[in-house]
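Here is the structure we will look at.
Residue numbers (our numbering): 6 to 135.
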């Protein structure tokens, strides 16, 4: 953190970070984050966006019989930045989550890369491709 901020009293403790994060409204943070990412896409001229799904290892809970967390992310490889991410419903898969992710991002004019398997299932011609 010292490379990004001047911290004359040192790096804040984990408790300080916890207290700050507890006070953040998740919906408002999401809205601000989306606006910030959109401004970066426009300002930097992001050209290639990779869409990929990941299952987060160790996120399952055997006692509660909860499945592992699965997310789909939009990634700008040239700027090494996640542009957006959405959780895949436990009763669904990437094929339904990807259109939802694309709908919240304004990445028109970008080249979108995606797994071949998923691409065949999504009706790209009507909704997302020009």
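C-beta: ideal position from N, C-alpha, C; glycine also.
For the candidate residues 99, 79 and 97, whose alpha-carbon lies nearest to that of residue 90? Stepping through the chain shown from its first residue, residue 90 is reached at position 85. Out of 99, 79 and 97, 79 has the C-alpha closest to the C-alpha of residue 90.
Between residue 114 and residue 55, what straight-line distance do the alpha-carbon atoms span, to the nearest angstrom? As a first step, residue 114 is located in the chain shown; it is residue number 109 there, counting from the start. As a first step, residue 55 is located in the chain shown; it is residue number 50 there, counting from the start. Straight-line measurement puts the Cα of residue 55 at about 14 Å from the Cα of residue 114.
With H, G and I counted as helix, E and B as strand and the rest as coil, what does DSSP make of residue 88? Along the chain shown, read from residue 1 onward, the residue named residue 88 stands at position 83. Strand.
Three-state secondary structure (DSSP) of residue 49: Within the chain shown, residue 49 is the residue found at index 44, counting from 1. Under the three-state reduction of DSSP output, residue 49 falls in the helix class.
Given 8 Å as the limit, is there contact between the region 18 to 32 and the region 48 to 62, that is, 3 or more CB pairs closer than that? Pairwise C-beta distances place the region 18 to 32 out of contact with the region 48 to 62, as fewer than three of them are shorter than 8 Å.
Backbone CA spacing between residue 16 and residue 65 [nearest angstrom]: Looking up residue 16 in the chain shown gives position 11. Looking up residue 65 in the chain shown gives position 60. Answer to the nearest angstrom: the Cα atoms are 32 Å apart.
List the whole-angstrom C-beta distance separating residue 59 from residue 95, where the pair is believed to meet the contact cut-off of C-beta under 8 Å. To locate residue 59, count along the chain shown from 1; it is residue 54. To locate residue 95, count along the chain shown from 1; it is residue 90. Going by Cβ atoms, the distance from residue 59 to residue 95 rounds to 15 Å, so no, they are not a contact pair.
Cβ of residue 106 less than 7 Å from any chain C Cβ? No chain C is part of this structure, which consists of one protein chain only.
When you compare the CB positions of residue 108 and residue 43, do they come within less than 7 Å of one another, or not? Taking the first residue of the chain shown as 1, we reach residue 108 at position 103. Taking the first residue of the chain shown as 1, we reach residue 43 at position 38. No.
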